[in-house]
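Student: One structure, pasted below without further comment.
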Amino acid sequence: MTRAGESGKSTIVKQMRILHVNGFNAEEKKLKIQDIKNNIKEAIETIVTAMSTLVPPVQLANPENQFRIEYVLNLANQKDFEFPPEFYEHAKTLWQDEGVKACFERSNEYQLIDCAQYFLDKIDIVKQSDYTPTDQDLLRCRVLTSGIFETRFQVDKVNFHMFDVGGQRDERRKWIQCFNDVTAIIFCGGESSSYNMVGTGGQSGPTA
Numbered sequence: 019m020t021r022a023g024e025s026g027k028s029t030i031v032k033q034m035r036i037l038h039v040n041g042f043n044a045e046e047k048k049l050k051i052q053d054i055k056n057n058i059k060e061a062i063e064t065i066v067t068a069m070s071t072l073v074p075p076v077q078l079a080n081p082e083n084q085f086r087i088e089y090v091l092n093l094a095n096q097k098d099f100e101f102p103p104e105f106y107e108h109a110k111t112l113w114q115d116e117g118v119k120a121c122f123e124r125s126n127e128y129q130l131i132d133c134a135q136y137f138l139d140k141i142d143i144v145k146q147s148d149y150t151p152t153d154q155d156l157l158r159c160r161v162l163t164s165g166i167f168e169t170r171f172q173v174d175k176v177n178f179h180m181f182d183v184g185g186q187r188d189e190r191r192k193w194i195q196c197f198n199d200v201t202a203i204i205f206c207g208g209e210s211s212s213y214n215m216v217g218t219g220g221q222s223g224p225t226a
């Protein structure tokens, strides 16, 4: 499968695995919890950062939430963040602020992961110590694909070998390794709404 980053290649592979390869085991689901929490962190960071960079900028509906924005922005460069309870409190309160929601509605003007709303709406669930991701959570979880990953499955006695490749520009040189004996290529075009969005390469519209 080919296309630019964030076009849905990995999601299709995960769907095939859930449908045809018995899905994900308990250990694999546990390992995805950190990625899902990182999606929440990235989503709220991106939105509140965009509030001041958009033209015209977006103001908080409740100015008293400004300290929460400062808290979130201070996390931007922390690699090994532990996600304490106050993080979820600040993220949830900001997500409920109408100014933050207004900025989210303008997400076609900046680069925001497509699972942002899904996981920000699930903060109260994800923060629980006994949280276990659902299949839908795993499908929505966004993780940068680096390298080449093969998934094998069988449908009606036909064997399929599906290769997921990274779509970012520095990953595309690796694609040539996948084309020996290929019988079909799935080109992921993404949603039609994506044609009016800033791409991962920085330009408007879909990246090629």
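Start counting at 1 in the sequence shown, then tack on 18, and there's your number in this note's numbering. Don't be surprised by glycine CBs; every beta carbon is placed ideally from N, CA and C.
In the DSSP assignment, what residue or residues form a beta bridge with Met180?
Tutor: Bridge partners of Met180: Thr169.
Student: Given this structure, state the Cα-to-Cα distance separating Leu91 from Cys133, to the nearest angstrom.
Tutor: Using only the alpha carbons, I get a separation of about 20 Å.
Student: Could you compute how far the alpha carbon of Ile65 sits from the alpha carbon of Phe181?
Tutor: Distance between the alpha carbons of Ile65 and Phe181: 32 Å.
Student: Just to confirm before moving on: does the CB-CB distance between Ala61 and Ile131 stay below 7 Å?
Tutor: Yes.
Student: Under a Cβ-count criterion, where at least 16 other Cβ atoms within 10 Å of its own Cβ denotes burial, should Pro81 be classed as buried or exposed?
Tutor: Looking at its Cβ environment, which holds fewer than 16 other Cβ atoms inside 10 Å, Pro81 is exposed.
Student: Given Val39, which residues of its chain have a CB within under 8 Å of its CB, disregarding the five upstream and five downstream residues?
Tutor: Counting only Cβ-Cβ distances below 8 Å, and skipping sequence neighbours, we find Thr169, Arg170 and Phe171.
Student: Quick check: what's the CA-CA separation for Glu127 versus Ile36?
Tutor: Straight-line Cα distance between these residues: approximately 33 Å.
Student: DSSP three-state label for Phe205, please.
Tutor: Here Phe205 sits in strand by DSSP.
Student: If you draw a straight line from the C-alpha of Lys32 to the C-alpha of Arg160, how long is it?
Tutor: Near 11 Å, if we compare the C-alpha coordinates of Arg160 and Lys32.
Student: Take Asn83 and list the residues in its own chain whose beta-carbon comes closer than 7 Å to its own, dropping the five residues that flank it on each side.
Tutor: Correct list, in chain order: Thr111, Leu112 and Asp115.
Student: Just reading off the alpha helix (DSSP H) that Leu162 is part of, what are its end residues?
Tutor: Taken as a continuous stretch (DSSP letters only), Leu162 belongs to no alpha helix (DSSP H), as it is neither H nor E.
Student: Flag this pair as yes or no: are the beta carbons of Gly117 and Val73 separated by less than 7 Å?
Tutor: For Gly117 and Val73, no; Cβs fall outside 7 Å.
Student: Find out if the Cβ-Cβ distance for the pair Lys145, Tyr89 is shorter than 7 Å.
Tutor: For Lys145 and Tyr89, no; Cβs fall outside 7 Å.
Student: For Phe137, count the other beta carbons within 10 Å of its own beta carbon; 16 or more makes it buried, fewer makes it exposed. Which is it?
Tutor: Buried.
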